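In terms of full-length UniProt numbering, the sequence shown opens at residue 1 and continues consecutively.
Ideal Cβ placement from N, Cα and C applies to all residues, glycine included.
Computed from a predicted structure; not experimentally measured.
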Amino acid sequence: GHYLQLRITATTPRDSLATVSNYLGAATQQGCSMRFWIYFKANNNGELVVGYRYAIGDVIKPLPFASFQSCQTNATKCSWQLIEASLSTVLTQPTEIIIGVKTGIDRDAIMAIDDITFTPQCIKYNGTIPTVPTTTPYTGTTTPYTGPSTTTTTTTTTTTPAGETTTTTPAGETTTTNTEKTTTTVHAECAEFACYNEGSCKPQLGKPVCECQPGFNGLHCENKVPPAKKNKLGAILGGIFGTLAFIALIVIGYIYGLPKLRAARDASTSTRLLDSLPIGPITNPAYNATSTSDA
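Here is the structure:
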């Protein structure tokens, strides 16, 4: 068998992987199994890796196996444990069987694998396992495409009873067939015609158009319509002229109304004076109508 031991130290990187590989041919009968012993000692040990792959360098696919217990770091006695994995279902072609350990958190741990054996139903493979080709990035120069732009088109067909079939191509060519009357119109698709700001594309003959949302315009609805500016000057001038007109009305009313007010006032005063005078002849109360003679 094989023996593999990995002791983790302070300089061992986490997730370090150590593996042992065996190559088996396609199974001709059921019952091929693998057995091996492990010795794991650590509180936070690493990972036991048991898997297979059909090409070297490919991703390792896991194989099911029974669970096991890892001894504590301070344990005074730790025993080996037997692990068994069935292989018959995966041996459909030459296969690489992989057993390994991957380091964990603890920096003072022991992970050991020993005595790997296979049942008689397993067939050792002495040929060559394929290798996954490595891809090399292209470092040459690229030439941009400078030809005409391509447009995806759709065809809408309308058929009427007995007549001619007319098909119109994007270039304007028309083909007529003496069968049923069918008119075909080709519209440019909207797939390569962008409408911005939630505009909707409408197919048209030759070139689609964009129906823009309110507040946007342009061929692709790319322009935002500026809001209308309020004319503050008109409001200011209106206020000024309104005030002046009000003052002018007051002045005109005063000029034309003052004489009438004065005339009315004089007439009222005259009436009051006339009303206060007694009606009839004016008599001097000291006057005596009796004749007097001088003595």
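Using a Cβ-Cβ cutoff of less than 8 Å, which residues in the same chain neighbour serine 200 once the five nearest sequence positions on both sides are dropped? Taking the first residue of the sequence shown as position 1, residue 200 is located at position 200. Within the same chain, serine 200 has close Cβ partners Cys210 and Glu211.
On the premise that valine 50 lies in contact with phenylalanine 65, defined as a C-beta separation below 8 Å, what is that separation, rounded to the nearest angstrom? Here residue 65 is taken as the residue at index 65 of the sequence shown, counted from 1. Here residue 50 is taken as the residue at index 50 of the sequence shown, counted from 1. Phenylalanine 65 to valine 50, Cβ: 5 Å. Contact.
Using 8 Å for Cβ pairs, my map puts isoleucine 98 next to methionine 34. What's the rounded Cβ distance? As a working note, residue 98 is residue 98 in the sequence shown. As a working note, residue 34 is residue 34 in the sequence shown. 11 Å between Cβ atoms; not a contact.
Please name the residue, chosen from Gly218, Phe193, Phe68 and Thr19, that lies closest to proline 208 on a Cα-to-Cα basis. Residue mapping note: residue 208 aligns to position 208 of the sequence shown, counting from 1. With distances taken between Cα atoms, proline 208 lies closest to Phe193.
Compare the Cα-Cα distances from glycine 215 to each of Pro133, Ala112 and Ala228 and report the closest residue. Counting from 1 along the sequence shown, the entry for residue 215 is found at position 215. Considering only alpha carbons, the answer is Ala228.
For tyrosine 256, the three-state DSSP class (helix, strand or coil): Here residue 256 is taken as the residue at index 256 of the sequence shown, counted from 1. The answer is helix: DSSP assigns tyrosine 256 an H, G or I state.
Under a Cβ-count criterion, where at least 16 other Cβ atoms within 10 Å of its own Cβ denotes burial, should asparagine 74 be classed as buried or exposed? Here residue 74 corresponds to residue number 74 of the sequence shown, with the count starting at 1. With fewer than 16 Cβ atoms within 10 Å of its Cβ, asparagine 74 is classed as exposed.
Alpha carbon to alpha carbon, what distance is there between cysteine 195 and threonine 160? Here residue 160 corresponds to residue number 160 of the sequence shown, with the count starting at 1. Here residue 195 corresponds to residue number 195 of the sequence shown, with the count starting at 1. For threonine 160, the pLDDT reaches just 49, beneath the cut-off of 50, and the residue's location in the model is therefore unreliable, leaving the point undetermined.
Mapping DSSP to helix, strand and coil, what is alanine 245? One-based indexing of the sequence shown puts residue 245 at position 245. Helix at alanine 245.
Just grab the DSSP bridge partners of asparagine 74 for me. Here residue 74 refers to the residue found at position 74 when the sequence shown is read from its first residue. Asparagine 74 is not bridged to any residue.
Any chance you could list the beta strand (DSSP E) runs of at least 3 consecutive residues sitting entirely within the UniProt domain "MAM" (1-124), in chain order? Entirely contained in the UniProt domain "MAM" (1-124), the beta strand (DSSP E) runs reaching 3 residues are, in chain order, 3-8, 17-24, 33-41, 47-53, 81-86, 95-102 and 109-118.
Taking Cβ positions only, does proline 214 come closer than 8 Å to chain D? The chain labelled as chain D is not found in the depicted structure, where only one protein chain is given.
Using the beta-carbon count (16 or more within 10 Å), is lysine 61 buried or exposed? Translated into positions along the sequence shown, residue 61 becomes position 61. Burial state of lysine 61 is exposed, judged by a 10 Å Cβ sphere holding fewer than 16 other Cβ atoms.
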